[in-house]
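Report on one structure; see the data block that follows.
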Amino acid sequence: MPPSDDDDPQTVLIRVSGPDHPGVTAGLMSILDDAGAEVQDIEQIVIRSQLTLGVVVEVPEGRDLLKDVLLFGWEQGMHIDFEPVSSTPTPVVRGHAVTLVGPDLHPAELRAASTAIAEAGANIHRIIRLSRYPVMSYELLVRDGDEHKLRTNLLHAAAQNPGLDVAIQQEGLGRRAKRLVVLDVDSTLIQDEVIDLLAAEAGCLEEVQRITRDAMEGGI
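Residue 246 in my numbering is what sits at position 206 of the sequence shown, and the numbering runs on without skipping anything.
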């Protein structure tokens, strides 16, 4: 049940869930803006067209804001509930970004990784799917726990599960910076020479190989 409005500002977590469609977030923000509410935190995710939106707001005194939000939810066909929370923001604790990669990550691999995290005393703060094809990958944002044990446990989990590969990085803005990776492809990333593959496609493999051989021997 929604908390009652009184003379003191109240900090409330508003949870909105239901079928996703345009205008839900915009409509909710319009109500909060008209009421003069302060948004302290917000997170939103959509999974298979199902929206989950969480907003922490400071409800202004003397405003019937929560009833307006409930009416909006009914009009939009969304489920809405409220929970009073502390007005003190949750401290930001930098943790680790754990990336799980595999050809097809099953519950067994996810169980191994999440168990490894829990046994290190860490907590999964958020899970985001990064890709589905050509490989499946998830990013887990992890807080707290022993860093050395976290790394050891996850590497052990990857070793015990051939379909699972794991990367562990310190969380922070630097991790999101763009990076350039330069590497030699010929006979390293692939076993063949790229120029030979292109020549074969063009129908002049023998000629290109002869030129390459002459160049390697100093004839050109």
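Cβ atoms here follow ideal geometry from the backbone N, Cα and C, with glycine treated the same way.
DSSP three-state assignment for residue i, whether helix, strand or coil
| i | result |
| --- | --- |
| Arg134 | coil |
| Gln249 | helix |
| Gln116 | helix |
| Gly67 | helix |
| Leu213 | helix |
| Leu220 | coil |
| Pro59 | strand |
| Glu78 | strand |
| Asp104 | coil |
| Asp144 | coil |
| Ile260 | coil |
Run of the beta strand (DSSP E) containing residue i, from where it starts to where it stops
| i | result |
| --- | --- |
| Val182 | Met176 to Arg183 |
| Ser227 | Note, Ser227: premise wrong, no beta strand (DSSP E); not H, not E. |
| Leu91 | Gln90 to Val99 |
Rounded separation between residue i and residue j - CA only
| i | j | result |
| --- | --- | --- |
| Met69 | Gln50 | 18 Å |
| Leu181 | Leu194 | 14 Å |
| Ile5 | Ile85 | Nothing about residue 5 can be read from this structure; the chain reaches only from 41 to 260. |
| Ala198 | Ala153 | 8 Å |
| Leu190 | Met118 | 39 Å |
| Gln249 | Ala255 | 10 Å |
| Thr252 | Val221 | 27 Å |
| Arg215 | Val141 | 18 Å |
| Gly58 | Leu91 | 5 Å |
Contacts around residue i, its chain only, beta-carbon distance under 7 Å, and the 5 residues preceding and following it disregarded
| i | result |
| --- | --- |
| Phe112 | Gly67, Leu68 and Ile71 |
| Val97 | Val52, Ile54, Leu72, Ala77, Glu78, Val79 and Gln80 |
| Pro174 | none |
Residue(s) in a DSSP beta bridge with residue i
| i | result |
| --- | --- |
| Ala207 | Thr139 |
| Ser171 | Ser177 |
| Pro124 | Val52 |
| Arg166 | Leu181 |
| Glu83 | Gly94 |
Beta-carbon contacts of residue i that lie in its chain and below 6 Å, excluding the five residues immediately before and after
| i | result |
| --- | --- |
| Glu241 | none |
| Thr139 | Glu179 and Ala207 |
| Arg183 | Val133, Gly135, Asn163 and His165 |
Boundaries (first-last residue) of the alpha helix (DSSP H) holding residue i
| i | result |
| --- | --- |
| Gln200 | Glu187 to Gln200 |
| Glu233 | Premise fails: Glu233 is in no alpha helix (DSSP H) and is neither H nor E. |
| Ile157 | Pro147 to Glu159 |
Neighbourhood of residue i by C-beta distance below 8 Å, restricted to the same chain and skipping five residues each side
| i | result |
| --- | --- |
| Val225 | Val234 |
Any C-beta of chain C under 7 Å from that of residue i
| i | result |
| --- | --- |
| Ala156 | As a matter of chain content, chain C is missing from the structure shown, which is built from one protein chain. |
Distance cut-off 6 Å: residue i Cβ against heavy atoms of the ligand FMN
| i | result |
| --- | --- |
| Thr51 | The model depicted lacks the ligand FMN and carries no ligand whatsoever. |
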